[in-house]
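Here the working numbering is used: position 135 in the sequence shown is 141, and no number is missing along the way.
Every residue, glycine too, gets a C-beta built ideally from N, C-alpha and C.
Below: one structure, written as structure tokens.
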Amino acid sequence: KEADGMKYHTYPSLKYTEDQRFLWDGLLRGDLSFTATDSSFTTYLDKIAGRNVVDVRGGNIGIEIRMGVNYTEAVVGRRMSLEDYAAVTSTNAAKLLGLYPKKGAIAVGSDADITIIDPAIKKTLRMTDLHVRDYSPWEGWQVEGWPTTVILRGKVMVANGQLLGSPGDGQLIARKIDPRVLRRPAF
């Protein structure tokens with residue numbers, strides 16, 4: 007209903023409240039393995055250039071807010087344990103995508119990728135909290151618990167809200183997905 011409502015278009019589509027409840031219930035029961043985003047780094051003008059779902063660009067800027075929003079919704083809102091939170095935001099995806107134990111684990115030989123969340127941070131998300139592009143459909147979202155430090159392969163990438171990393175810090179990682187995973191249903 008908003009003039010620039012296409013900024014919310016993503017795959018999979020945003021869900022109705024009942025659908026959201028079923029998805030969270032499935033995650034809490036273990037029927038779903040992990041959470042993810044349809045993250046797409048695009049400008050606001052590129053995003054709203056389309057006028058309908060056929061010609062609008064899919065995806066949203068979601069990777070940066072993922073851990074804080076998931077913490078708020080899962081741990082605070084639904085009392086998920088911290089162990090389960092770590093599993094659904096990291097370990098399970100790493101296992102399913104053939105990246106474990108290099109990714110998704112804190113262990114000798116693993117990459118030392120760590121996100122530290124301060125559970126005492128309660129705020130309304132603003133563009134000044136984010137490091138990406140010129141819009142976010144998450145602006146105005148209430149969070150309780152927010153990442154303060156992000157470490158990639160032992161290097162501090164974000165500290166106290168300041169981006170310290172650079173695009174060259176990323177690294178392509180070869181993966182080997184178990185053929186049994188590829189043969190089973192997605193849901």
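Give me, in chain order, the residues of the same chain whose beta-carbon lies closer than 8 Å to that of residue 111; leave out the 5 immediate sequence neighbours on both sides.
97, 100
I need the DSSP call for residue 71, collapsed to helix, strand or coil.
coil
Three or more C-beta pairs below 8 Å linking the segment 132 to 147 and the segment 112 to 121
no
Own chain, CB closer than 7 Å to residue 182, minus 5 neighbours either side, in chain order:
104
Quick one: what does DSSP say residue 129 is sitting in, helix, strand or coil?
strand
Is it a yes or a no for the segment 72 to 82 touching the segment 147 to 160, going by three-plus beta-carbon pairs under 8 Å?
yes
So if DSSP puts residue 16 in a beta bridge, which residue, or which two residues, is it bridged to?
Paired residue(s): none; residue 16 is not in a bridge.
For the pair the segment 128 to 138 and the segment 53 to 60, tell me if three or more CB-CB distances fall below 8 Å.
no
Put residue 26 into one of helix, strand or coil per three-state DSSP.
helix
CA-to-CA distance, residue 22 to residue 51, given in whole angstroms:
26 Å
According to DSSP, which residues form a beta bridge with residue 158?
161
Where does the unbroken alpha helix (DSSP H) through residue 101 begin, and where does it stop?
98 to 102
Taking 6 Å as the limit between beta carbons, can you name the residues of its chain near residue 171, skipping five residues before and five after?
163
CA-to-CA distance, residue 11 to residue 86, given in whole angstroms
32 Å
Assign residue 49 to one of two classes, buried (16 or more other C-beta atoms within 10 Å of its C-beta) or exposed (fewer than that).
exposed
Give the secondary structure of residue 124 by DSSP, where H, G and I count as helix, E and B as strand, and everything else as coil.
strand
Distance between residue 114 and residue 53 (C-alpha atoms, nearest Å):
42 Å
Shortest alpha-carbon distance to residue 184 belongs to which of 95, 106, 175?
106
Please classify residue 33 as buried or exposed, where buried requires at least 16 neighbouring CB atoms within 10 angstroms.
buried
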